[in-house]
Amino acid sequence: MLIALPLTLALVDVAILLWGAGFQHHATIHEAGHLIEGMGVILIGWGVVLEERPGVSHLLGGLPTEDPDREAAIDALCHHCGLALLVLGLVAEILVQCVEVPDHIINTDRIERVVLTGGAVFLALGLATLARLSAGLAAFRAPIPLDPEGSLPEAGPR
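Given below as structure tokens:
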């Protein structure tokens, strides 16, 4: 959520800058590119951390687990979503750089808005990936503890 909220706000700002009033000014194109680039860096960084969850956990002194299969499944989900965030953030940044490179190298004259909108689409896909990750992690619930005799605990009054 800490990444999804600023990403959502940035996407709204980018849409306003690229397609709202005043979009023909060079400064608005530059600001939209700066927002896309910054959020792309955040997606890349978070993607790397997620992709390497087991190593980061070990580095931070992760606790031993009683359910290694569950941890392996969480690691796999984090790895796949982390890799997706890494790629999506990189492509968004590549599109920004295509606009910033001089036109005699990559000519984006008069199509800057379209190219940057493509970068924003990749950020939106990153937002969807974050939602998928959150939903996937929410699906991993801790097992219901058994009492010492092996039966399920009784439900208390509501």
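With our numbering, the residue at position 5 of the sequence shown is 43, and numbering never jumps. Glycine included, every Cβ here is placed at the ideal spot set by N, Cα and C.
Three-state secondary structure (DSSP) of residue i
| i | result |
| --- | --- |
| residue 39 | coil |
| residue 63 | coil |
| residue 142 | coil |
| residue 46 | helix |
| residue 123 | helix |
| residue 55 | helix |
| residue 108 | helix |
Neighbourhood of residue i by C-beta distance below 6 Å, restricted to the same chain and skipping five residues each side
| i | result |
| --- | --- |
| residue 157 | 74, 130, 133, 134 |
| residue 167 | 119, 122, 123 |
| residue 151 | 56 |
Spatial neighbours of residue i in its chain, beta-carbon cut-off 7 Å, leaving aside the 5 residues before and after
| i | result |
| --- | --- |
| residue 172 | none |
| residue 113 | 91, 92 |
Whole-angstrom distance between residue j and residue i, CA atom to CA atom
| i | j | result |
| --- | --- | --- |
| residue 115 | residue 96 | 17 Å |
| residue 146 | residue 46 | 26 Å |
Classification of residue i by the beta-carbon crowding that lies within 10 angstroms, buried from 16 upward
| i | result |
| --- | --- |
| residue 81 | buried |
| residue 57 | exposed |
| residue 143 | exposed |
| residue 104 | exposed |
Residue i: CB within 8 Å of a non-hydrogen atom of the ligand GTP
| i | result |
| --- | --- |
| residue 158 | Questions concerning the ligand GTP fall outside what the structure shown contains, since it holds no ligand whatsoever. |
Spatial neighbours of residue i in its chain, beta-carbon cut-off 8 Å, leaving aside the 5 residues before and after
| i | result |
| --- | --- |
| residue 162 | 49 |
Open item on the list: Threshold first: 3 residues or longer. Then list the beta strand (DSSP E) segments lying entirely within the region 152 to 184, N to C.
Closed with: none
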